[in-house]
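Read in order, the letters of the sequence shown are residues -21 to -1, 1 to 160 in mature numbering (1 follows the signal peptide of the UniProt record, and there is no 0). Taking it in order: structure first as structure tokens, then the write-up.
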Amino acid sequence: MPLKLLRLWLPLLLFFHHLQAEAPQCFHFTWVGAYENHSNIHTETCDSRVGDFNDIPCEMPLVVTANDTVPDVKALWHNMTEDRENFLCQMSPGFSCVKYSYIFKGGIQNITYMCARVNSSNGCYRQTHPTGMQVEACVCTSRVGLIPCNGCSTSTQSVHVLGLALCVLNVYQLLNKYRIV
């Protein structure tokens, strides 16, 4: 009898353990922006980049990209050959995914992706400094198995998609009303 009971319960225990072990993920790295000598990036640390400015977020690893363009996090997420685990963190209870960007004259200077405990709800918050530098923090909650939300663009894109869908629906209703379709 105990062996039969073990055969029934063992798969269930393994399944629930798997569910507990899997947690939503966030991207976790700092893209340094325009960088002259890409080969030197391996010698730098967050301490050397940020220095005494402790309010500037920085997360290892530091990343540079070809042509100094914003990282393609979707490609990173879908690239199984790259060790993407180095660029991810587990979203623990009470934490959110954050994308922290410095923007100057409309151009993104650098971005830090991280897991963080924040005192705000999902959304993007922007502050403009007297120098013209803008700091944008986007906060979101990822879902298990999906691409981390802090790699996606701001919610304005989803608003545009929703608007387009409503427009198509209205056109269809008009065409149906006048028996064109």
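Beta carbons: idealized from backbone N, C-alpha and C, even for Gly.
DSSP bridge partner residues for residue i (one or two, in chain order)
i	result
Met93	Val77
Val114	Tyr81, Gln106
Trp56	Answer is none; Trp56 lacks a bridge partner.
Cys68	Cys5
Leu41	Thr9
Inter-residue CB distance, residue i and residue j (contact presumed, cutoff 8 angstroms)
i	j	result
Thr44	Pro50	5 angstroms
Arg28	Val11	7 angstroms
Ile90	Tyr79	7 angstroms
CB of residue i within 7 angstroms of CB of residue j, strictly
i	j	result
Val123	Glu1	yes
Met93	Val77	yes
Glu38	Phe8	yes
Glu4	Leu55	The amino acid occupying residue 4 in the given sequence is Gln; Glu does not appear at that position. Going by C-beta atoms, Gln4 is not nearer than 7 angstroms to Leu55.
8 angstroms CB neighbourhood of residue i in its chain, flanking five on each side removed
i	result
Phe53	Note on identity: in this sequence residue 53 is Lys, with Phe being the wrong assignment. Answer for Lys53: Ile126, Gly130, listed in chain order.
Residues near residue i in its chain [Cβ-Cβ closer than 6 angstroms; skip 5 each side]
i	result
Phe83	Met112
Gln106	Val114
Same chain, Cβ closer than 7 angstroms to residue i, neighbours up to 5 away in sequence not counted
i	result
Ser75	Ala95, Val97, Val118, Cys119, Thr120
His57	none
Ala13	Asp47
Thr110	none
If contact is defined by three or more beta carbon pairs under 8 angstroms, each pair taking one atom from either stretch, is the segment 11 to 22 in contact with the segment 96 to 103? Fewer than three Cβ pairs drawn from the segment 96 to 103 and the segment 11 to 22 lie within less than 8 angstroms of each other, which leaves the two stretches out of contact.
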